[in-house]
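A.B. asks: Protein chains in written order, with the working numbering: chain A, 322 to 433; chain B, 465 to 575.
Every residue, glycine too, gets a C-beta built ideally from N, C-alpha and C.
Take this structure, written in structure tokens, and hold onto it; I'll ask about it next.
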Amino acid sequence: DAMVIQNPRYQVTQFGKPVTLSCSQTLNHNVMYWYQQKSSQAPKLLFHYYDKDFNNEADTPDNFQSRRPNTSFCFLDIRSPGLGDAAMYLCATSTGTGYRQFFGPGTRLTVL
Amino acid sequence: RKEVEQDPGPFNVPEGATVAFNCTYSNSASQSFFWYRQDCRKEPKLLMSVYSSGNEDGRFTAQLNRASQYISLLIRDSKLSDSATYLCVVENAGNNRKLIWGLGTSLAVNP
Chain A
322 DAMVIQNPRY QVTQFGKPVT LSCSQTLNHN VMYWYQQKSS QAPKLLFHYY DKDFNNEADT
382 PDNFQSRRPN TSFCFLDIRS PGLGDAAMYL CATSTGTGYR QFFGPGTRLT VL
Chain B
465 RKEVEQDPGP FNVPEGATVA FNCTYSNSAS QSFFWYRQDC RKEPKLLMSV YSSGNEDGRF
525 TAQLNRASQY ISLLIRDSKL SDSATYLCVV ENAGNNRKLI WGLGTSLAVN P
């Protein structure tokens, strides 16, 4: 089945220790998104790629970076995680912006 | 006015009840509207896209009112398995067409 896959599902890191989250898709969608979601909050868009074009949200901290080496894969790098970065990180894809988005199961990040 | 606004609830209803959620949006140029369902500690999943003419999928009916800038979701004959958070999502026509997410409305269906 076509799907969005995220690895790992759970990630524990130490304060300040870099971490990379992975997302892959078999849907062949043009757009890939990274969201951060904290408890009882709406998903917050960090950035998205339309093909190779990177689009950063204005309020996304510099501590968050992303790479999309090919259509199928997208990575979220958190350079120096703080306690406030503990959250669920959701990867999503769509055929274009403004269209329905398909989500992966998320990676739950814990920062110690 | 918030871009997308929902009553957070919680809505507590008995099995078999009919429940309705509303969601208001601020950008009159928005073209795409969705209802997503999110279970606790899981990812959001599309429940329904919302079309101008309204649309129905089994026990679920979605309506769009452009004049008043709101969308609604009606759930009939509620099941225990309908317990979840329902997220209203609206495309922001003026800003790279990104999707704007509401905070969600929490529904608990009780036996």
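Specify, as a first and last residue, the run of the beta strand (DSSP E) that A/N384 falls within.
C.D. replies: Within the first sequence, residue 384 of chain A is the residue found at index 63, counting from 1. No beta strand (DSSP E) contains A/N384, which DSSP labels as neither H nor E.
A.B. asks: For B/N529, count neighbouring C-beta atoms within 10 Å of its own C-beta (all shown protein chains included) and say buried if the count is 16 or more, exposed if not.
C.D. replies: For the purposes of this step, residue 529 of chain B is identified with residue 65 of the second sequence, where counting begins at 1. Looking at its Cβ environment, which holds fewer than 16 other Cβ atoms inside 10 Å, B/N529 is exposed.
A.B. asks: Starting from the Cα of B/N556, find the closest Cα among B/T482, B/S496, B/M512 and give me that residue.
C.D. replies: The residue given as residue 556 of chain B occupies position 92 in the second sequence. Closest option to B/N556, Cα to Cα, is B/S496.
A.B. asks: Taking 9 Å as the CB-CB cut-off, is B/E555 touching chain A?
C.D. replies: Sequence index remark: in the second sequence, residue 555 of chain B carries index 91 (1-based). Yes - at least one Cβ of chain A is within 9 Å of the one on B/E555.
A.B. asks: What does a CB cutoff of less than 7 Å around B/L567 pick up in its chain, not counting 5 residues either side in sequence?
C.D. replies: Translated into the one-based positions of the second sequence, residue 567 of chain B becomes position 103. Excluding sequence neighbours, B/L567 sits near Q470, P472.
A.B. asks: Cutting at 7 Å between CB atoms, please list the residues of its own chain near B/S492, excluding the five before and the five after it.
C.D. replies: Within the second sequence, residue 492 of chain B is the residue found at index 28, counting from 1. Excluding sequence neighbours, B/S492 sits near Q533.
A.B. asks: Within 9 Å (strictly less), CB to CB, does A/M324 reach chain B?
C.D. replies: Within the first sequence, the letter at position 3 stands for residue 324 of chain A. Closer than 9 Å: no.
A.B. asks: B/K466: which of B/N560, B/A572, B/V554 sits nearest, CA to CA?
C.D. replies: Within the second sequence, residue 466 of chain B is the residue found at index 2, counting from 1. Nearest option by C-alpha distance: B/V554.
A.B. asks: State yes or no: is the C-beta of A/N377 nearer than 8 Å to some heavy atom of the ligand GTP?
C.D. replies: This structure lacks the ligand GTP, and indeed carries no ligand of any kind.
A.B. asks: Between the alpha carbons of A/K359 and B/L551, how many angstroms are there, rounded?
C.D. replies: On the first sequence, residue 359 of chain A is found 38 positions in, with the first residue counted as 1. On the second sequence, residue 551 of chain B is found 87 positions in, with the first residue counted as 1. A/K359 and B/L551: Cα-Cα distance of roughly 14 Å.
A.B. asks: Quick check on B/S545: does DSSP put it in helix, strand or coil?
C.D. replies: As a first step, residue 545 of chain B must be located in the second sequence, where it is residue number 81. Here B/S545 sits in helix by DSSP.
A.B. asks: Counting along the chain, where does the beta strand (DSSP E) carrying A/T416 start and finish?
C.D. replies: The residue labelled residue 416 of chain A in the question sits at position 95 within the first sequence. Neither: A/T416 is in no beta strand (DSSP E) and is coded neither H nor E.
A.B. asks: A/N374 by DSSP, collapsed to three states: which one?
C.D. replies: Sequence index remark: in the first sequence, residue 374 of chain A carries index 53 (1-based). Looking at the sequence provided, one finds Asp at residue 374 of chain A rather than Asn. Looking at A/D374 - three-state DSSP - the assignment turns out to be strand.
A.B. asks: Do you know how far the Cα of B/W499 is from the Cα of B/T549?
C.D. replies: For the purposes of this step, residue 549 of chain B is taken as the residue at position 85 of the second sequence. For the purposes of this step, residue 499 of chain B is taken as the residue at position 35 of the second sequence. Approximately 10 Å, taken between the alpha carbons.
A.B. asks: What is the rounded straight-line gap between the Cα of A/S361 and the Cα of B/S517?
C.D. replies: To locate residue 361 of chain A, count along the first sequence from 1; it is residue 40. To locate residue 517 of chain B, count along the second sequence from 1; it is residue 53. About 32 Å.
A.B. asks: For chain A, is any of its Cβ atoms less than 9 Å away from the one on B/R505?
C.D. replies: Residue 505 of chain B sits at position 41 when you count from the first residue of the second sequence. Chain A, which has a Cβ nearer than 9 Å to the Cβ of B/R505, makes this yes.
A.B. asks: Determine the chain B residues that contact A/Y420 at a beta-carbon separation under 8 Å, and present them in chain order.
C.D. replies: Within the first sequence, the letter at position 99 stands for residue 420 of chain A. Simply S496.
A.B. asks: Within 10 Å of its beta-carbon, does A/V333 have 16 or more other beta-carbons around it, so buried, or fewer, so exposed?
C.D. replies: Residue numbering aside, residue 333 of chain A sits at position 12 when the first sequence is read from its first letter. Label assigned to A/V333: exposed.
A.B. asks: Between A/L367 and chain B, is any beta-carbon pair separated by less than 9 Å?
C.D. replies: Numbered from 1 along the first sequence, position 46 holds the residue referred to as residue 367 of chain A. A/L367 does not count as touching chain B.
A.B. asks: Does the beta carbon of A/S361 come closer than 9 Å to any beta carbon on chain B?
C.D. replies: Position 40 of the first sequence, counted from the start, is the residue given in the question as residue 361 of chain A. Interface residue, yes.
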